[in-house]
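Visitor:
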Amino acid sequence: MVTTEFSDLIGRLLEAMGQQMDAVRPVAEGLLLQTGDRFLFAFVEDPARLSLAFVRSLLGEVAPTPARLVVLSRTHLPPAFEAELQRAGATTVEGGRFLELVRGLGLGAYVGDEPRAAPPGPSRRLLPSAQQLDTIVHRARTWLDWGVPALALRFYRQAVALKPEFAPARVGIGRALLALGLAEDADRAFVEALEAQPGELDARLGRAAVLGTQGRVAEEVAAYRVLLEEDPQRVAVRSHLLAALISERAWSEALAEVDALLSASPEDPQLRYLRAGALAHLGDAVAAEEERARARHLGLARDREVALCQHLGLPPPELPPVAPPEPAPPVGAERAAPTDAPAPSPAGARGGTRRASGATERKTVPPRRPRKPGGRKPK
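What the sequence shown shows, in the numbering used here, is residues 3 to 381, in sequence order.
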């Protein structure tokens with residue numbers, strides 16, 4: 003069974019997140035909490051108690067949509083179990099991410115943090131409800147950017163509960179659901195956002211993205227083109243259109259969209275690399291290589307280049323050549339006289355030569371001349 007401290011932490015955490023639980027079930031590994039939207043939150047107190055059978059039983063409870071499973075643990079999960087969960091499509095929040103969640107909700111004292119004073123500076127002139135809404139939306143966006151849409155969804159829903167007519171929060175719900183692979187639920191969220199604020203651009207973009215997720219890419223492209231006809235200066239729409247054209251492998255049209263975006267940002271390294279990819283697929287290898295070199299010169303990181311190659315369906319870039327290691331000198335080579343040793347300096351030591359800088363100085367002593375019988379050295 004779970005300890006009192008762990009149970010208290012989870013209760014405070016759920017309260018701060020505004021979670022509405024349908025059912026709570028303690029198990030030997032921790033606590034299981036079922037929400038009204040069929041999400042299952044598994045809080046693991048001690049990952050050492052986990053078993054593969056328990057992990058698979060959790061996945062079975064949310065089948066056939068494993069994205070609805072969220073496993074949270076204060077310490078890191080065993081690699082085999084984490085791989086099993088992520089391979090199935092579940093969300094894991096463990097180790098540092100879990101601690102960040104707790105601290106971000108002001109519960110750091112429950113994980114051993116010392117109380118911190120409020121940072122100095124003028125307070126923002128917002129009503130308490132507006133400040134609360136702003137904080138919640140910021141948390142939601144942060145978790146969505148960090149690739150944890152399940153937690154982003156909880157905070158966006160908390161924002162909607164606080165202000166139902168706030169369209170950006172409903173758009174955020176749609177984006178989080180779309181990232182979880184729940185396309186139909188996402189589309190309903192975008193429709194609700196349009197009902198709250200007709201003409202909301204982000205909601206219209208979201209509905210177009212849902213079409214692409216459902217494999218209706220031609221309809222997705224057509225939706226973006228309608229938005230561009232309304233306003234050709236919408237950079238966000240053109241970026242979405244470019245992504246759809248690349249996924250459709252429509253390289254001539256993709257090249258035209260890249261050029262349109264480059265007219266506003268000619269020094270963008272990622273756009274330059276996307277242009278190189280389109281040119282490569284169109285058969286212009288020389289121009290493609292020039293664009294790659296320019297993108298690298300503009301600061302495109304290698305890991306980003308690899309990711310773009312995967313997105314463009316191109317082979318990964320070759321690694322720079324590595325100089326072969328210098329061969330080790332043969333045994334006894336340090337005793338041999340160097341063949342390229344410099345001539346002795348006029349002011350050098352008597353009878354000796356100096357090696358290159360950093361080497362040990364050695365002196366060569368000339369042979370002694372023989373003495374004549376009688377004792378005196380010959381002159």
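Backbone N, C-alpha and C fix where the C-beta goes; we use that ideal spot for every residue, glycine too.
Quantities reported herein were computed from a predicted structural model and do not represent experimental measurements.
Would you tell me roughly how many angstroms separate the C-alpha atoms of residue 65 and residue 215, rounded to the nearest one?
Guide: Looking at the two C-alpha atoms, the distance is approximately 20 Å.
Visitor: If you draw a straight line from the alpha carbon of residue 209 to that of residue 4, how long is it in whole angstroms?
Guide: So the two alpha carbons sit approximately 43 Å from each other.
Visitor: If you draw a straight line from the alpha carbon of residue 308 to that of residue 24, how long is it in whole angstroms?
Guide: Whole-angstrom Cα-Cα distance: 44 Å.
Visitor: How about residue 260 and residue 273: are their beta carbons less than 7 Å apart?
Guide: Yes, these two residues count as a Cβ contact at 7 Å.
Visitor: Quick check: residue 14 and residue 109, are their CB atoms within less than 7 Å of each other?
Guide: Yes. Within cutoff.
Visitor: Quick one: Cα of residue 155 to Cα of residue 316, how far?
Guide: If you take the alpha carbons of residue 155 and residue 316, they lie about 34 Å apart.
Visitor: When you compare only the Cα positions, how much space is there between residue 72 and residue 105?
Guide: Those two C-alpha atoms are separated by around 19 Å.
Visitor: Taking buried to mean at least 16 other C-beta atoms within 10 Å of its own C-beta, is residue 151 buried or exposed?
Guide: Answer is buried; the Cβ neighbour count reaches 16.
Visitor: Should residue 304 go down as buried or exposed, given a rule of 16 or more other Cβ atoms within 10 Å for buried?
Guide: Result: exposed.
Visitor: Take residue 290 as the anchor and find which of 267, 313, 265, 257 has the nearest alpha-carbon.
Guide: Comparing Cα positions, the closest option is 257.
Visitor: For residue 278 versus residue 298, is the C-beta spacing smaller than 7 Å?
Guide: Result no, Cβ atoms of residue 278 and residue 298 do not sit closer than 7 Å.
Visitor: Between 232, 219, 265, 276, which lies nearest to residue 249 when the distance is taken from Cα to Cα?
Guide: When each option's Cα is compared against that of residue 249, the closest is 219.
Visitor: Can you have a look at residue 392 and say buried or exposed, based on whether 16 or more other CB atoms are within 10 angstroms of its CB?
Guide: Outside the displayed range of the chain (3 to 381) lies residue 392, so it cannot be described from this structure.
Visitor: Cβ atoms of residue 192 and residue 176: under 7 Å apart, would you say?
Guide: Against a cut-off of 7 Å, the Cβ pair of residue 192 and residue 176 comes out as a contact.
Visitor: So what does DSSP say about residue 52, is it helix, strand or coil?
Guide: The answer is coil: DSSP assigns residue 52 none of H, G, I, E or B.
Visitor: What are the boundary residues of the alpha helix (DSSP H) that residue 189 is part of?
Guide: Segment 185 to 198, the alpha helix (DSSP H) holding residue 189.
Visitor: Can you tell me the Cα-Cα spacing of residue 252 and residue 230, whole angstroms?
Guide: Spanning the two alpha carbons is a distance of roughly 18 Å.
Visitor: Who are the Cβ neighbours of residue 61 in its own chain at under 7 Å, not counting the five residues just before and after it?
Guide: Cβ within range, chain order: 68, 71, 90, 92.
Visitor: Checking the sheet assignment: what are the DSSP bridge partners for residue 301?
Guide: Beta-bridge pairing links residue 301 to no other residue.
Visitor: Exposed or buried, what is residue 148 when buried is set at 16 or more other beta-carbons lying within 10 Å of its beta-carbon?
Guide: Exposed is the call here.
Visitor: Tell me whether the beta-carbon of residue 198 lies closer than 7 Å to the beta-carbon of residue 169.
Guide: Yes, these two residues count as a Cβ contact at 7 Å.
Visitor: Given residue 26, which residues of its chain have a CB within under 7 Å of its CB, disregarding the five upstream and five downstream residues?
Guide: Around residue 26: 33, 35.
Visitor: Between the C-alpha atoms of residue 132 and residue 57, what's the straight-line distance to the nearest angstrom?
Guide: Near 40 Å, if we compare the C-alpha coordinates of residue 57 and residue 132.
Visitor: Kindly list the residues whose CB is nearer than 7 Å to the CB of residue 112, restricted to its own chain and excluding five residues on each side of it in sequence; keep chain order.
Guide: Within the same chain, residue 112 has close Cβ partners 11, 14, 104.
Visitor: Expressed to the nearest angstrom, what Euclidean distance is found between the alpha-carbon atoms of residue 233 and residue 179?
Guide: If you take the alpha carbons of residue 233 and residue 179, they lie about 28 Å apart.
Visitor: Is it buried or exposed for residue 160, if we count other Cβ within 10 angstroms and need 16 for buried?
Guide: Buried, by the Cβ-count rule.
Visitor: I believe residue 63 touches residue 42 by the beta-carbon criterion, under 8 Å. Please report the beta-carbon distance rounded to the nearest angstrom.
Guide: With a Cβ gap of about 6 Å, residue 63 and residue 42 count as contacting.
Visitor: Determine the burial state of residue 54: buried for a count of at least 16 other Cβ atoms within 10 Å of its Cβ, exposed for fewer.
Guide: Exposed is the call here.
Visitor: In angstroms, rounded to a whole number, what distance separates the CA positions of residue 184 and residue 96?
Guide: Each residue's Cα considered, the two are about 23 Å apart.
Visitor: Please go through the same chain and pick out, in chain order, the residues whose beta-carbon is closer than 7 Å to the beta-carbon of residue 94, but skip the five residues on each side of it.
Guide: Same-chain partners within the cutoff: 73, 79, 84, 87, 88.
Visitor: Could you give the DSSP three-state label for residue 24: helix, strand or coil?
Guide: Correct three-state label for residue 24: strand.
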